Each structure stands twice: as C-alpha cells, then as structure tokens.
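> Positions 4 to 128 (the numbering used here) are the ones given, in order, by the sequence shown.
Yeah, the Cβ is synthetic: ideal placement off N, Cα and C, and Gly gets one too.
From a predicted model like this one, the values you see are computed outputs, not experimental measurements.
One structure coming up, written as structure tokens, with questions to follow.
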Amino acid sequence: MINTIGVGSENGVPIPEVKNGVAAGYKKDRDGNTVVTKLNSKLLKEIAAKANGVYVQAGNSDFGLDAVLSKINELDKKKLETKRYGDYVDQFVPFFCLVLVLLIIEFFFNERISRFWKRVNLFKE
4 MINTIGVGSE NGVPIPEVKN GVAAGYKKDR DGNTVVTKLN SKLLKEIAAK ANGVYVQAGN
64 SDFGLDAVLS KINELDKKKL ETKRYGDYVD QFVPFFCLVL VLLIIEFFFN ERISRFWKRV
124 NLFKE
C-alpha cells in the first residue's frame with residue numbers, strides 16, 4: 004500500500020530560499036530564472052489507486068495525516084518473524100599456516116640442537 008499526500012499548488016509556486024532562518028528570496032536555476040515547483044496530483048492519485056492507498060491534498064491547517072492513519076489502521080495486523088543471518092569470513096587460515104611453519108621449523112631445530120648438546124656434553128660425567 005502506498006499513500007500519497009499532495010503538498011503545494013498545481014499552478015506552481017516559487018521555492019523560497021532560507022538562510023539562517025530568514026527568507027532570502029527564491030531558488031534560482033543556472034540561468035538565473037526562479038525555480039517553480041508544481042503539484043502533480045493526477046500522478047499521485049494514480050500511484051495511490053494502483054497501490055491500494057489513499058491520496059490526500061494537504062492544506063494550510065490540515066496536512067492530511069488523519070486520512071492516511073485511518074487507512075493504515077484498517078490493515079490486518081500481522082505478527083512478523085525475523086531471522087538474522089551472519090556471513091562470517093574465516094580469517095584464521097593465514098595465522099594457522101604461520102603457526103604450522105613455525106612448529107615445523109622448531110621441530111627441526113630442536114632435534115639438531117639436542118643432538119649437538121648431546122655431543123658437546125658440557126657436564127662430563
């Protein structure tokens with residue numbers, strides 16, 4: 004469902020430019036012409052009709068939210084279920100390879116050192 008609210012005038016209205024909270028003229032295009040915005044209520048009505056929504060024309064005192072909210076409250080209330088999935092990237096492989104290489108190096112050096120120390124026999128008995 005798409006609800007649309009028409010804001011503005013179909014005749015067109017210049018867009019005010021506000022600086023520091025004070026109106027400072029109207030928005031200009033590259034050529035220096037005043038930019039005019041127009042309401043396309045026909046298109047908004049078509050969109051609302053095709054999407055099972057409602058079109059409301061906003062006024063100065065009423066923005067049209069009451070009609071939109073009443074349309075929303077007419078909807079069937081449904082309980083939604085959510086599921087969360089995590090897509091994790093395994094980042095242990097480089098560290099595992101490094102540790103494996105270090106263990107292999109340690110294994111070979113440990114054997115050589117122990118054979119060397121057995122031959123040296125510092126504490127001759």
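Check whether the Cβ atoms of T7 and I75 sit closer than 8 Å, and answer yes or no.
no
> Indicate the three-state DSSP secondary structure (helix, strand or coil) for K48 in the structure shown.
helix
> In the DSSP output, which residue or residues are listed as bridge partners for T213?
The question about residue 213 has no answer, for the chain in this structure spans 4 to 128.
> At which residues does the beta strand (DSSP E) containing K22 begin and terminate?
P19 to K22
> What residue range is occupied by the uninterrupted beta strand (DSSP E) comprising V38?
Run containing V38: none; DSSP gives neither H nor E here.
> Starting from the Cα of E20, find the closest Cα among L83, S12 and Y29 and give me that residue.
Closest option to E20, Cα to Cα, is Y29.
> What residue range is occupied by the uninterrupted alpha helix (DSSP H) comprising V92?
Here V92 belongs to no alpha helix (DSSP H), and DSSP marks it neither H nor E.
> For A52, which residues in the same chain have their Cβ closer than 7 Å to its Cβ, ignoring the five residues on either side in sequence?
Result list for A52: empty, nothing under 7 Å.
> Let me know if L106 comes out buried or exposed under the rule of 16 or more other beta-carbons within 10 Å of its beta-carbon.
exposed
> Identify which residue in V39, V25, R33 and K45 has its Cα closest to the Cα of P17.
Of the listed residues, the one whose Cα sits closest to P17 is V39.
> Which residues does DSSP pair with K31 in a beta bridge?
T37
> Using CA coordinates, which residue listed in N23, I5 and I108 is at the minimum distance from N55?
I5
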